[in-house]
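Number of protein chains: 2
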Amino acid sequence: MSVYDYVLTQTNFVRKDDLNYPFEERGLQFGDGIYEVIRVYNGKYYLINEHVERLYRSAEAVRIELPFTEKEMYSHLDELLNKNNIESDAKVYLQVTRGSAPRDHSFPLNTTANLYAYVQDLPRKMNIMREGVTTITEPDVRWDWCYIKSLNLLPNVMAKQTASEQGCFEAILHKDGEVTECSSSNIYLVREGKVHTHPAKKNILHGCVRMRVEQFCKEESIPFIEEAFRVEDIQYADELFLSSSTAEVTPIIKVDGKPVREGMVGEITRKMQEKYEQDAGIIESASIFAKEV
Amino acid sequence: MSVYDYVLTQTNFVRKDDLNYPFEERGLQFGDGIYEVIRVYNGKYYLINEHVERLYRSAEAVRIELPFTEKEMYSHLDELLNKNNIESDAKVYLQVTRGSAPRDHSFPLNTTANLYAYVQDLPRKMNIMREGVTTITEPDVRWDWCYIKSLNLLPNVMAKQTASEQGCFEAILHKDGEVTECSSSNIYLVREGKVHTHPAKKNILHGCVRMRVEQFCKEESIPFIEEAFRVEDIQYADELFLSSSTAEVTPIIKVDGKPVREGMVGEITRKMQEKYEQDAGIIESASIFAKEV
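Here you go:
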């Protein structure tokens, strides 16, 4: 997963080894910053508008003044791919912190935001999308404002690590039994032909792929029901799947050691994957379905 | 508030301008780290054991392996003061992150923690301790594990900023009306000669000065009651005060624009301040009380 050499900053492009952070950085001392991870297929951004718009929403919520206008942001992000000659599947990690200032919880209003964005190879995870992943359930101990895509990710880190050490791909988070999302993805339960997911309130991330899943359901006349389901509802699920920019649409075939739908991937999940590939303009040979024909 | 030149890192002492953080730093990308702020009076640490022990507890809770044994930590922290010739009142900011690794929520187990600690001048805030501070109340939107002194401080930052822009010193945080603590201090309500404060559960920081306040109460036979009080109880408070390593014991004289005890500082608060000064070995001339005599 190599990182490409040219990194976009708030002032210019630098080589990644030349990137330097000042001594007192609010991102480093308070997690006082926001980020996006943007998917690139065949050298082209997917859902770039959704990501950039969310970045600006996050920035507004925490009152970070972004160093670029939205128009400049699009242009710089394009240049980031061009400078690095990206033609394959990749992701862009983009982070903005409030900037550098003597350490104090309250913030000066005149700091200059520190931005950096870099490109990294990201081949599609065909195996897990084809075969599905295993998960565990974990209490959601995160803050109340997870709709802000902030750098305060320690609870997500701890939950993901717990999953990982049990050989699982994700941790399904719940508040007192009510499923919110996963540690780095949104989650959906299918029952009787309907897709259920937590409403896009302040306590979950409003995923860019989640927005597409909602649209895919609409196009296919599949009811998309924004009501939280509970951990104990999972045993009655016909299908369970997750979505994120890096995991796309991925089936969940096991939760806390118990198979979902006897470990088989369901047809609404497959339909979502198919529509995702169409939507992202993924070429036939790379398709999840290509090898099943 | 100048920062002294020598900075302790995990490997050696460096000049502060030479400190450099690697490209992918988990502290910067996830807030994946912990910290302490340790008070120094006349060139000597106050409550150093409490701070170092809490650092190790935080590290254990998030599974960060500290680069030093506790014994080495004390020795390096002493050297930090010596190298910078600290003889006055100051604070040490000490931060440890999980280290650098390609960005992924789950963490490799073999990273080397990045540590840095620096010294900054910190004169005692005599005015606010003598006269008291004003506060606002704000919902506590933080995560459930605030006993870990982590770098995930964005909610604290936002609450403190809101207070600050209303000309107030602190934000009193509450979960559904139940007062937990302030954005960067613990809080105590005095009523009928008893001190009430939120129990040291997982959702508040177990303040080092809070431990001393408990001890001071014990020594003075003042009941120290670890039961949460509610926002609406504040109107019946005889006294209200807060504590932290930088604010010591500070009276609160106003909450959301309404005076506490008609804006006068109460006697239990003064007793706590007096005992704090004794405990910290603060010399007479710098005392809050010196000028009142």
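As given, the protein sequences belong to chains A and B, one line each in that order. Okay, so the first sequence: first residue is 1 according to this note's numbering, each after it adds one. Okay, so the second sequence: first residue is 1001 according to this note's numbering, each after it adds one. Glycine residues also receive a C-beta, built at the ideal position from the N, C-alpha and C atoms. It should be emphasised that the depicted structure is a prediction, and the values quoted were computed from it without experimental measurement.
Residues that DSSP places opposite residue i in a beta bridge
i, result
"Y45 (chain A)", "A:V40"
"R15 (chain A)", "A:Y6"
"F1289 (chain B)", "In DSSP, F1289 (chain B) forms no bridge with anything."
"A171 (chain A)", "A:I136"
"H1196 (chain B)", "B:L1189 and B:I1225"
"L242 (chain A)", "A:I187 and A:T250"
"Y35 (chain A)", "A:Q95"
"N114 (chain A)", "A:T97"
"R230 (chain A)", "A:E178"
"S150 (chain A)", "A:I34"
"A90 (chain A)", "A:V40 and A:D121"
"E1025 (chain B)", "B:S1100"
"P259 (chain A)", "A:K254"
Chain B residues whose Cβ lies nearer than 9 Å to that of residue i
i, result
"E141 (chain A)", "Checking the sequence, you will find Val at residue 141 (chain A) rather than Glu. Within chain B, the residues near V141 (chain A) are W1143, D1144, W1145 and K1202."
"S244 (chain A)", "Simply none; closest approach about 11 Å."
Interface partners of residue i on chain B, CB under 7 Å
i, result
"P123 (chain A)", "The premise fails here: P123 (chain A) is roughly 14 Å from chain B at the closest Cβ pair, so nothing lies under 7 Å."
"K299 (chain A)", "Here chain A covers residues 1 to 293 and nothing more, so residue 299 (chain A) does not appear."
"R103 (chain A)", "Y1093"
"L19 (chain A)", "F1023"
Among the options, the one whose alpha carbon lies nearest that of residue i
i, options, result
"K258 (chain A)", "A:I136, A:L8 and A:V157", "A:I136"
"R1142 (chain B)", "B:V1260, B:Q1010 and B:I1204", "B:I1204"
"E170 (chain A)", "A:E192, A:K149, A:T134 and A:R210", "A:T134"
"A163 (chain A)", "B:E1267, B:H1105 and B:R1039", "B:H1105"
"V1092 (chain B)", "B:E1214, B:F1289 and B:V1119", "B:V1119"
"A280 (chain A)", "A:I38, A:R26, A:G266 and A:M73", "A:I38"
"N1042 (chain B)", "B:V1209, B:S1002, B:M1129 and B:D1089", "B:D1089"
"R191 (chain A)", "A:H174, A:S75, A:A200 and A:Y236", "A:Y236"
"E178 (chain A)", "A:Q166, A:E165 and A:T197", "A:T197"
"K1071 (chain B)", "B:E1248, B:E1284 and B:V1052", "B:V1052"
"I128 (chain A)", "A:E220, A:D233, A:C168 and A:P108", "A:C168"
"F229 (chain A)", "A:Y188, A:S221 and A:F241", "A:Y188"
"A1117 (chain B)", "B:L1019, B:E1277 and B:A1059", "B:L1019"
"Y1276 (chain B)", "B:V1265, B:V1231, B:K1254 and B:M1211", "B:M1211"
"P1123 (chain B)", "B:A1059, B:G1193 and B:V1040", "B:V1040"
"A1101 (chain B)", "B:K1016, B:P1223 and B:F1023", "B:F1023"
"V1265 (chain B)", "B:I1253, B:M1272 and B:E1274", "B:I1253"
"S1075 (chain B)", "B:N1012, B:P1108 and B:V1096", "B:N1012"
"G263 (chain A)", "A:D17, A:E239 and A:R98", "A:E239"
"Q1010 (chain B)", "B:L1055, B:T1097, B:S1002 and B:K1044", "B:T1097"
"R103 (chain A)", "B:K1201, B:L1153, B:S1221 and B:D1256", "B:L1153"
"P1108 (chain B)", "A:G193, A:K160, A:I283 and A:K271", "A:K160"
"K149 (chain A)", "A:D176, A:L55 and A:A247", "A:L55"
Contacts of residue i in chain A (Cβ-Cβ under 9 Å)
i, result
"Q1095 (chain B)", "L28 and Q29"
Supposed close pair residue i, residue j - CB separation, criterion 8 Å
i, j, result
"L1028 (chain B)", "Y1021 (chain B)", "7 Å"
"A1113 (chain B)", "L1066 (chain B)", "6 Å"
"V62 (chain A)", "D1032 (chain B)", "Contact doesn't hold; Cβ gap of about 19 Å is too wide."
"T1269 (chain B)", "F1241 (chain B)", "4 Å"
"V1249 (chain B)", "Q1273 (chain B)", "5 Å"
"Y1006 (chain B)", "L1080 (chain B)", "7 Å"
"D140 (chain A)", "T180 (chain A)", "5 Å"
"C208 (chain A)", "S245 (chain A)", "6 Å"
"V1195 (chain B)", "P1223 (chain B)", "7 Å"
Proximal residues of chain A, C-beta to C-beta of residue i below 8 Å
i, result
"S1164 (chain B)", "S106"
"D1032 (chain B)", "L153, L154 and V157"
"K1016 (chain B)", "F23"
Within-8 Å CB hit, residue i to chain E
i, result
"V141 (chain A)", "Checking the listed chains, one finds no chain E in this structure; the protein chains it contains are A and B."
(request) Using a Cβ-Cβ cut-off of less than 7 Å, give me the residues of the region 1254 to 1278 of chain B that come near chain A, in sequence order. (result) none
(request) Compile a chain-ordered list of the residues in the region 149 to 160 of chain A whose CB is closer than 7 Å to at least one CB of chain B. (result) S150, L151, N152, L153, L154, P155, N156, V157, M158 and K160
(message) Output needed in chain order: residues of the region 53 to 70 of chain A with a Cβ under 7 Å from some Cβ in chain B.
(response) V62
(request) With 9 Å as the limit, tell me which residues of the region 174 to 191 of chain A have their beta carbon closer than that to any beta carbon of chain B; keep them in chain order. (result) S183 and S184
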